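Participant: These protein sequences, in sequence, are chains A and B.
For the first sequence, position 58 matches number 70 in our numbering, and the numbering has no gaps at all.
For the second sequence, position 10 matches number 22 in our numbering, and the numbering has no gaps at all.
Note that beta-carbon positions come from the ideal geometry of N, C-alpha and C, so glycine has one too.
Here the structure is a predicted model, which is why all the values come from computation and not from measurement.
Have a look at this one.
2 protein chains.
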Amino acid sequence: MVARAGIVVTGTEVLTGRVTDRNGPWLAEELRRRGVDVGQVVVVGDRPEDLRSALELLLARHDLVLTTGGLGPTADDLTAEVVAEVQGRTPRLVPELETEIAEIVERLSAGRGWRRDPEATAAGVRKQAMVPEGASVLAPVGTAPGLVVPPASGTGAPVVVLPGPPPELQGMWQDALADAHVQRALAGREELRQNTVRLWGTPESELAATLRRHDDELVGLEVTTCLRQGELEVVSRYAPAAAPAQEALLAALRADFPDTLFSPEGETVDELVATGLLDRGWTIGTAESCTAGLLAGRLADRPGSSAYLLGGLVTYADHVKHDLLDVPQELLDTVGAVSAEVARAMADGARARLGTDVGVGITGVAGPGGGTPDKPVGLVHLCVTTADRVLPLRVQLGGDRAAVRERTVVVALHLLRELLVS
Amino acid sequence: MVARAGIVVTGTEVLTGRVTDRNGPWLAEELRRRGVDVGQVVVVGDRPEDLRSALELLLARHDLVLTTGGLGPTADDLTAEVVAEVQGRTPRLVPELETEIAEIVERLSAGRGWRRDPEATAAGVRKQAMVPEGASVLAPVGTAPGLVVPPASGTGAPVVVLPGPPPELQGMWQDALADAHVQRALAGREELRQNTVRLWGTPESELAATLRRHDDELVGLEVTTCLRQGELEVVSRYAPAAAPAQEALLAALRADFPDTLFSPEGETVDELVATGLLDRGWTIGTAESCTAGLLAGRLADRPGSSAYLLGGLVTYADHVKHDLLDVPQELLDTVGAVSAEVARAMADGARARLGTDVGVGITGVAGPGGGTPDKPVGLVHLCVTTADRVLPLRVQLGGDRAAVRERTVVVALHLLRELLVS
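Laid out in structure tokens, this is it:
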């Protein structure tokens with residue numbers, strides 16, 4: 013049996029989308045690695061009734077419930093209070109904890125040179141030192157302690173109360189896992205494995221047909237598919253006993269999609285490009301127009317990328333393509349900046365100017381303006397060159413300006429992968 | 013009275029954090045502009061029981077419930093079916109809709125050159141043409157129609173069923189709002205205004221002190237504050253009657269933070285930089301090391317940015333700083349690449365090589381490796397120059413490699429804003 017956990021994320025700024033929640037995904041991944049499935053995540057603002065009903069929903073359906081955020085010193089931080097109430101426990105002041113938090117606050121304020129209102133500070137400290145009777149305290153990483161609150165009734169799931177700032181939450185996580193109530197809630201769970209396969213250029217409907225055809229071999233796998241920036245991602249989750257079914261899935265995908273299955277073990281295209289460059293000892297330089305630096309920026313995302321990325325040129329204006337990349341003015345005048353010829357000249361120009369083994373040229377119409385019947389918005393010419401190879405590619409992409417530019421970066425990475433694996 | 017809506021986001025890939033949900037925040041913002049508050053957002057995977065219980069939770073507590081995703085042609089797309097069941101409505105095949113969807117699928121497949129399995133396609137089309145009795149159909153933007161499903165009992169909230177791909181959801185939104193069931197659910201709601209003020213360089217604690225001091229003037233405002241990439245965002249929401257309180261808030265912020273309040277009306281720093289460059293008719297070029305193109309890429313995010321952004325140089329390797337930007341080799345050898353002197357030389361080099369009015373130079377230690385006691389990870393030198401001005405800045409940033417690089421881009425934009433507004 014697989015244990016299930018539910019997560020409540022608190023915070024008006026998450027609810028309204030001004031801040032992207034990082035704790036839910038982090039906890040989901042941590043739990044999954046331990047064979048615990050996340051069934052539902054509820055985001056609530058600062059209304060106590062919304063938090064209460066969310067907790068009730070999750071407690072009814074999960075072996076463990078976790079909350080993030082709402083542990084601060086102010087009145088609208090009410091997670092601990094509501095959790096205590098839902099679990100039927102009375103909060104009590106723990107004087108030693110109050111002293112500990114007061115010392116932390118004192119130290120932090122001094123270090124940061126904050127002006128403080130002593131009365132408000134004391135009230136905040138006292139609030140953070142209130143612990144539901146029978147709950148375990150998780151030592152504070154910032155100022156707020158975490159809690160594990162088992163139900164007073166003795167049956168039902170415990171609630172793990174964690175702070176909102178990701179470093180604090182993550183710093184407290186091992187203690188939370190080691191707590192006896194949490195251990196008990198997750199006892200007897202089965203390990204759950206996960207495998208990700210990625211394909212590039214296979215439509216979802218073809219993948220669906222393959223999965224249907226092999227349906228009876230895939231018993232015990234929970235397979236989800238997802239199209240992301242043109243990559244088709246096949247994620248399967250399974251108990252160890254279903255490992256042969258996972259093998260069957262991989263064999264079926266390899267047989268049906270030999271050309272498009274590029275990642276049998278979940279490697280990202282970024283990883284494959286980095287490894288390919290490192291294995292050959294090749295350096296790379298970029299020449300970007302519509303993406304304007306996003307490809308170079310993505311190549312530099314990886315620590316250690318300076319081993320192969322020497323630099324790049326963002327040639328947004330046409331005369332800059334000539335000045336910085338030696339794209340012949342005649343080409344720009346005749347076939348125009350968005351053309352296979354210019355993409356190639358840009359790639360060659362990047363190699364020459366930067367002295368790299370590999371050059372990438374990108375030129376396209378990102379929109380919303382600038383499209384013509386011949387060269388509509390979304391048309392992008394890419395070219396990857398080395399001293400003895402030329403890989404040109406013309407794509408017509410959909411979506412808005414941001415989508416066209418982001419997708420172009422992914423297309424460029426796959427063109428590089430093609431160069432490096434063949 | 014403010015109407016309240018709840019949102020269900022479906023998708024295992026969102027639940028596990030592999031994909032960031034864009035629909036919840038978009039809908040929350042759209043609804044808020046219309047005076048509708050979002051109380052809870054629930055993320056569920058593809059288990060029907062999890063979806064059902066989430067719907068029940070939200071229906072019990074909101075005037076309107078919206079779902080996103082799970083409308084595809086495959087068996088694990090079960091939103092329409094579960095919503096029908098929860099609302100007590102039987103799904104029936106609508107033949108005209110089946111024909112319409114089949115035509116769309118035919119057209120799309122032909123355009124993309126997809127091979128198709130006719131039987132599977134027909135089954136998928138039929139599934140997408142099943143409509144709960146008594147529900148309204150929202151015309152498909154992709155292949156899946158949306159639905160508005162009122163409760164069979166006659167009392168309770170309707171459920172608006174929307175597709176997962178953001179362009180499809182957004183393209184269907186006006187129709188959803190115009191639906192009679194939705195109109196009825198939201199009738200009598202009060203307009204809710206929202207104002208955003210942004211500050212750069214004010215600590216959250218000082219802002220909190222100002223808010224406390226003016227507490228009695230701010231009655232009727234719901235104020236949330238949020239620190240985002242170093243910018244402090246103050247969002248207030250209020251009914252029209254509380255407009256004077258909003259004025260008082262703005263006056264208090266202007267009085268206490270004259271130097272750091274840069275956006276009284278919610279303008280982004282990107283907008284202010286773009287407007288500043290356009291107003292002066294200035295062009296700009298970048299020279300980036302640790303950010304490796306992210307600043308140029310961000311400047312090019314805006315449609316029409318080619319009016320001022322001519323290009324940029326990504327000089328990741330030290331010798332490229334010399335070759336492409338004429339940074340004196342002697343500087344690199346003596347003070348090193350991460351230094352105020354090199355940042356300035358890079359900015360000047362970008363101006364000279366690209367022929368722009370403004371140059372930006374960025375050089376820093378993004379980590380995780382490469383730090384030294386003198387130049388630790390997170391140290392970044394920036395410089396903005398014109399023919400007659402030099403604005404240098406040294407910052408020490410926290411966080412991981414990605415955080416240092418992203419934050420550096422924001423710091424650079426504020427340095428440009430400083431140049432342009434002063």
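Specify, as a first and last residue, the run of the beta strand (DSSP E) that GLU277 of chain B falls within.
Facilitator: On the second sequence, residue 277 of chain B is found 265 positions in, with the first residue counted as 1. Run containing GLU277 of chain B: none; DSSP gives neither H nor E here.
Participant: Got a sec: which bits of the region 22 to 54 of chain A sit with their beta carbon under 8 Å from any beta carbon on chain B, in order along the chain?
Facilitator: THR24, GLU25, LEU27, THR28, GLY29, ARG30, VAL31, THR32, GLY36, PRO37, TRP38, ALA40, GLU41, ARG44, VAL50, GLY51, GLN52, VAL53 and VAL54
Participant: Quick check on the DSSP output: what are the complete beta strand (DSSP E) runs of length 3 or more inside the region 213 to 300 of chain B, in order along the chain?
Facilitator: 233 to 240, 243 to 250, 273 to 275 and 296 to 300
Participant: Hey, out of A:ALA355, A:THR214 and A:LEU322, whose CA is closest to LEU405 of chain A's CA?
Facilitator: Along the first sequence, one-based indexing puts residue 405 of chain A at 393. With distances taken between Cα atoms, LEU405 of chain A lies closest to A:ALA355.
Participant: I need the straight-line Cα distance from ASP369 of chain A to GLU131 of chain B, nearest angstrom please.
Facilitator: To locate residue 369 of chain A, count along the first sequence from 1; it is residue 357. To locate residue 131 of chain B, count along the second sequence from 1; it is residue 119. Rounded to the nearest angstrom, the two C-alpha atoms are 49 Å apart.
Participant: Would ALA15 of chain B and ARG201 of chain B qualify as a contact pair, given that the criterion is a beta-carbon distance under 8 Å?
Facilitator: Working through the second sequence from its first residue, we reach residue 15 of chain B at position 3. Working through the second sequence from its first residue, we reach residue 201 of chain B at position 189. Cβ atoms of ALA15 of chain B and ARG201 of chain B: closer than 8 Å.
Participant: On the criterion of 16 or more Cβ atoms from any shown chain inside 10 Å, does LEU431 of chain A qualify as buried, or is it exposed?
Facilitator: Here residue 431 of chain A is taken as the residue at index 419 of the first sequence, counted from 1. Counting the other Cβ atoms within 10 Å of the Cβ of LEU431 of chain A gives 16 or more, which makes it buried.
Participant: Return the CA-CA distance between ARG119 of chain B and ALA319 of chain B, expressed in angstroms with no decimal places.
Facilitator: As a first step, residue 119 of chain B is located in the second sequence; it is residue number 107 there, counting from the start. As a first step, residue 319 of chain B is located in the second sequence; it is residue number 307 there, counting from the start. Going by the C-alpha atoms only, they are around 38 Å apart.
Participant: Under DSSP, the beta strand (DSSP E) around SER148 of chain A begins and ends at which residues?
Facilitator: Locating residue 148 of chain A in the first sequence gives position 136, where the first residue counts as 1. It spans 148 to 150 - the beta strand (DSSP E) in which SER148 of chain A sits, taken as one unbroken run.
Participant: Do the region 19 to 30 of chain A and the region 224 to 243 of chain B meet, that is, are 3 or more Cβ pairs less than 8 Å apart?
Facilitator: yes
Participant: The beta strand (DSSP E) that contains ALA15 of chain B, what's its start and end?
Facilitator: On the second sequence, residue 15 of chain B is found 3 positions in, with the first residue counted as 1. Run containing ALA15 of chain B: 15 to 22, per the beta strand (DSSP E) assignment.
Participant: Under 8 Å Cβ-Cβ, which residues of chain B neighbour PRO380 of chain A?
Facilitator: For the purposes of this step, residue 380 of chain A is identified with residue 368 of the first sequence, where counting begins at 1. Those within 8 Å of PRO380 of chain A in chain B are PRO315.
Participant: What did DSSP end up calling ARG59 of chain B once you bin it into helix, strand or coil?
Facilitator: Working through the second sequence from its first residue, we reach residue 59 of chain B at position 47. Coil, per DSSP.
Participant: Would you check if the distance between the CB atom of GLY382 of chain A and the CB atom of GLY51 of chain B is smaller than 8 Å?
Facilitator: Within the first sequence, residue 382 of chain A is the residue found at index 370, counting from 1. Within the second sequence, residue 51 of chain B is the residue found at index 39, counting from 1. Contact: no.
Participant: For PRO179 of chain B, does the three-state DSSP call read helix, strand or coil?
Facilitator: Stepping through the second sequence from its first residue, residue 179 of chain B is reached at position 167. Correct three-state label for PRO179 of chain B: helix.
Participant: Within the 8 Å Cβ cut-off, does ALA312 of chain A reach chain B?
Facilitator: By 1-based counting over the first sequence, the position of residue 312 of chain A is 300. Yes, ALA312 of chain A lies at the interface with chain B (some Cβ there is under 8 Å from its Cβ).
Participant: Using a Cβ-Cβ distance cut-off of 8 Å, determine whether VAL14 of chain A contacts chain B.
Facilitator: Sequence index remark: in the first sequence, residue 14 of chain A carries index 2 (1-based). Cβ-Cβ to chain B under 8 Å: no for VAL14 of chain A.
Participant: Report yes if the C-beta distance between ILE19 of chain B and VAL53 of chain B is below 8 Å; otherwise report no.
Facilitator: Within the second sequence, the letter at position 7 stands for residue 19 of chain B. Within the second sequence, the letter at position 41 stands for residue 53 of chain B. Cβ distance < 8 Å, so ILE19 of chain B and VAL53 of chain B count as in contact.
Participant: Could you check what DSSP says for PRO144 of chain B in three-state terms: helix, strand or coil?
Facilitator: In the second sequence, the residue the question calls residue 144 of chain B occupies position 132. PRO144 of chain B: strand per DSSP, three-state reduction.
Participant: Does the beta carbon of PRO175 of chain B sit closer than 8 Å to a beta carbon anywhere in chain A?
Facilitator: Position 163 of the second sequence, counted from the start, is the residue given in the question as residue 175 of chain B. With 8 Å as the cut-off, PRO175 of chain B does not count as an interface residue toward chain A.
Participant: Do you know how far the Cα of LEU181 of chain B is from the Cα of ASN35 of chain B?
Facilitator: Indexing the second sequence from 1 puts residue 35 of chain B at position 23. Indexing the second sequence from 1 puts residue 181 of chain B at position 169. The alpha-carbon atoms of ASN35 of chain B and LEU181 of chain B are separated by roughly 8 Å.
Participant: Alpha carbons only, please: which of B:GLY166, B:VAL153, B:GLY154 and B:GLY146 is nearest the one belonging to VAL160 of chain B?
Facilitator: The sequence position of residue 160 of chain B within the second sequence is 148, counting from 1. Comparing Cα-Cα distances from VAL160 of chain B to each of B:GLY166, B:VAL153, B:GLY154 and B:GLY146, the minimum goes to B:GLY146.
Participant: Considering Cα atoms alone, identify which of B:HIS393, B:ALA424, B:TYR328 and B:ALA349 is closest to ARG435 of chain A.
Facilitator: Residue 435 of chain A lies beyond the range of chain A shown here (13 to 434); nothing can be said about it.
Participant: Can you tell me which of the three DSSP states THR133 of chain A falls into?
Facilitator: Here the question's residue 133 of chain A lines up with position 121 in the first sequence. Residue state, collapsed to three classes: helix.
Participant: Measuring alpha carbon to alpha carbon, tell me which of B:LEU289, B:ARG101, B:LEU391 and B:ARG64 ends up nearest VAL377 of chain B.
Facilitator: Translated into positions along the second sequence, residue 377 of chain B becomes position 365. The alpha carbon of VAL377 of chain B has as its nearest neighbour, out of B:LEU289, B:ARG101, B:LEU391 and B:ARG64, the alpha carbon of B:LEU391.
Participant: Mapping DSSP to helix, strand and coil, what is LEU83 of chain B?
Facilitator: Mapped onto the second sequence, residue 83 of chain B falls at position 71. If DSSP states are grouped into helix, strand and coil, LEU83 of chain B belongs with coil.
Participant: Under 8 Å between C-beta atoms, does SER275 of chain A make it to chain B?
Facilitator: As a first step, residue 275 of chain A is located in the first sequence; it is residue number 263 there, counting from the start. No - not a single Cβ of chain B is within 8 Å of the one on SER275 of chain A.
Participant: Would you identify the three-state DSSP class for ASP75 of chain A, choosing helix, strand or coil?
Facilitator: Position 63 of the first sequence, counting from 1, holds the residue named residue 75 of chain A. In the structure shown, ASP75 of chain A sits in coil (DSSP, three-state: anything other than H, G, I, E or B).
Participant: Quick check: the Cα distance between THR111 of chain B and ARG205 of chain A, rounded to an integer number of angstroms?
Facilitator: The residue you call residue 111 of chain B lines up with position 99 of the second sequence. The residue you call residue 205 of chain A lines up with position 193 of the first sequence. Near 42 Å, if we compare the C-alpha coordinates of ARG205 of chain A and THR111 of chain B.
Participant: Measure the alpha-carbon distance for ARG210 of chain A versus ALA267 of chain A and round it to whole angstroms.
Facilitator: On the first sequence, position 198 is the one that residue 210 of chain A refers to. On the first sequence, position 255 is the one that residue 267 of chain A refers to. For ARG210 of chain A and ALA267 of chain A, the distance between alpha carbons rounds to 14 Å.
Participant: Compute the Euclidean distance between the alpha carbons of ARG224 of chain B and PRO270 of chain B, then round it to the nearest angstrom.
Facilitator: Looking up residue 224 of chain B in the second sequence gives position 212. Looking up residue 270 of chain B in the second sequence gives position 258. Whole-angstrom Cα-Cα distance: 18 Å.
Participant: I'd like the span of the beta strand (DSSP E) that includes GLN408 of chain A, first residue to last.
Facilitator: By one-based count along the first sequence, residue 408 of chain A stands at place 396. Residues 402 to 408.
Participant: Can the beta-carbon of PRO252 of chain B be found closer than 8 Å to that of GLU203 of chain B?
Facilitator: Position 240 of the second sequence, counted from the first residue, corresponds to residue 252 of chain B. Position 191 of the second sequence, counted from the first residue, corresponds to residue 203 of chain B. Against a cut-off of 8 Å, the Cβ pair of GLU203 of chain B and PRO252 of chain B comes out as a contact.
Participant: Buried or exposed: which applies to GLY373 of chain A, given that a residue is buried once 16 or more other Cβ atoms fall within 10 Å of its Cβ?
Facilitator: As a first step, residue 373 of chain A must be located in the first sequence, where it is residue number 361. Its Cβ being crowded by 16 or more others within 10 Å, GLY373 of chain A is buried.
Participant: What does a CB cutoff of less than 8 Å around ARG64 of chain A pick up in its chain, not counting 5 residues either side in sequence?
Facilitator: Within the first sequence, residue 64 of chain A is the residue found at index 52, counting from 1. Sequence-distant Cβ neighbours of ARG64 of chain A in its own chain, meaning closer than 8 Å and more than five residues away, are VAL94, GLU97 and VAL98.
Participant: Flag this pair as yes or no: are the beta carbons of ALA299 of chain A and ALA359 of chain A separated by less than 8 Å?
Facilitator: Along the first sequence, one-based indexing puts residue 299 of chain A at 287. Along the first sequence, one-based indexing puts residue 359 of chain A at 347. Cβ distance < 8 Å, so ALA299 of chain A and ALA359 of chain A count as in contact.
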